[in-house]
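Working notes, beginning with the structure itself.
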Amino acid sequence: MRDHLADLTAAWEREDHERDKLSEEADTASVSATKRQGPGSRLTAHMDKDDLPRERLVRLGADALSNAELVAILLSTGDREENVLEKSRSLLKDRGLVGLLRSDVRELQQVSGLGVAKVTRIKAAVELAARGLADDEWPARQPFRSAEQVFERYRGLLGDLVHEEVWVLVLDQQHCLIREERLYKGMVHGASVRVAELLRPVIVHQGPAMIVVHNHPSGAPRSA
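In my numbering, the protein residues as written are 11 to 234.
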C-alpha cells in the first residue's frame, strides 16, 4: 500500500513539473509573439516577461498586484476575443470583485471563455480564502461564550454566500469546538432541517453542548 501511494505521489509530482514547464514555455512564446496573433492570445505581446502577472507576484508579492492581475493568474489563459488580462478586466467590470467571488459554478460557466478549469480554480481559491479566514480568526481551543463570538468565527465562511447553509457545532463541556458539520446547503429564502439531523453529529461525537449556525443570504436578518 505504501509503495502504491509513493508511486502515485511521484506520478503527481511529475505531472505538476510538466505542467509548470509547459506553462513557462507558453508564457515565453506569448511574450515574443508578433502582431499576427489574435486578440485571444495568452498574454499581450508588447509586455516584457517581468511585467506579466505571475512574474510580478513572485518579484513583488501578491499585495502589489491589481485585482485584474490576480484574476488573470487564476484564469491562466484568455479566449479568442480577449487575452487573459483583458478577460480579467471584463469580468471585474461586469460583476465587480465581490460579485465575481460570490458567483456560483453555473453562473461562471455561463460567461463566454470560462470553462470548467477556470471556474474551478476561481471557486477553489475563494473557498480556501474563506476557510483560512475562519480558521485564523478563532484560536484553537478557545471556548464560545457569546453569539458575537460565533458570528466572528463564521462570518468569513458564510457571510458572502448567495444560498442558505445550516451548520452544527459540537462542543465539549468547556464549550470548545469538537466538530463542525454543514447539514444543509440550499436556497436563498430558507432552510428545512429535521431535529434528528441536527442531533446526529452531537450524538455521534458525544458532545455535551451544541450551537446551530445559519446565514441570511437575502440580507433580511429575520428569525428562521
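Even glycine gets a Cβ: it sits at the ideal position worked out from N, Cα and C. Keep in mind it's a predicted model, so treat the numbers as computed, not measured.
Count the other C-beta atoms from every protein chain shown that fall within 10 angstroms of the C-beta of Arg163, then say buried if there are 16 or more, exposed otherwise. buried
For Lys133, list the residues DSSP reports as bridge partners. Paired residues: none, contrary to the question.
Every unbroken beta strand (DSSP E) inside the segment 91-127 [3 residues or more]: none
Quick check on DSSP: helix, strand or coil for Gln47? Summary for Gln47: the model assigns pLDDT 46, below 50, so the residue's position carries little reliability; its value from the coordinates is reported in the next sentence. Residue state, collapsed to three classes: coil.
Let me confirm a value: Lys103 is counted as buried when at least 16 other C-beta atoms fall within 10 Å, else exposed. Which label applies? exposed
So, does the segment 128-135 touch the segment 184-196, judging by three or more C-beta pairs under 8 Å? no
Closer than 6 Å by C-beta to Gly217: which residues in its own chain qualify, once you throw out the five before and the five after it? Chain order, please. Val180, Leu181 and Ile188
List the whole-angstrom C-beta distance separating His185 from Ala219, where the pair is believed to meet the contact cut-off of C-beta under 8 Å. 6 Å
So the candidates are Leu118, Val178 and Gly166; which of them puts its Cα closest to the Cα of Ile221? Val178
Just the C-alpha distance for Leu85 and Glu175, rounded to the nearest angstrom, thanks. 28 Å
What's the C-alpha gap between Arg66 and Ala134? 22 Å
Would you tell me roughly how many angstroms separate the C-alpha atoms of Gly125 and Gly166, rounded to the nearest one? 27 Å
Inter-residue spacing [alpha-carbon to alpha-carbon] between Val212 and Leu62: 51 Å
Report the rounded CA-to-CA distance for Asp114 versus Gln159, giving the unit in angstroms. 28 Å
Can you give me the C-alpha to C-alpha distance between His5 and Val68, rounded to a whole angstrom? No answer is possible for residue 5: the residues shown for the chain start at 11 and end at 234.
Run through DSSP, which three-state label would Arg210 get? helix
Run through DSSP, which three-state label would Leu62 get? coil
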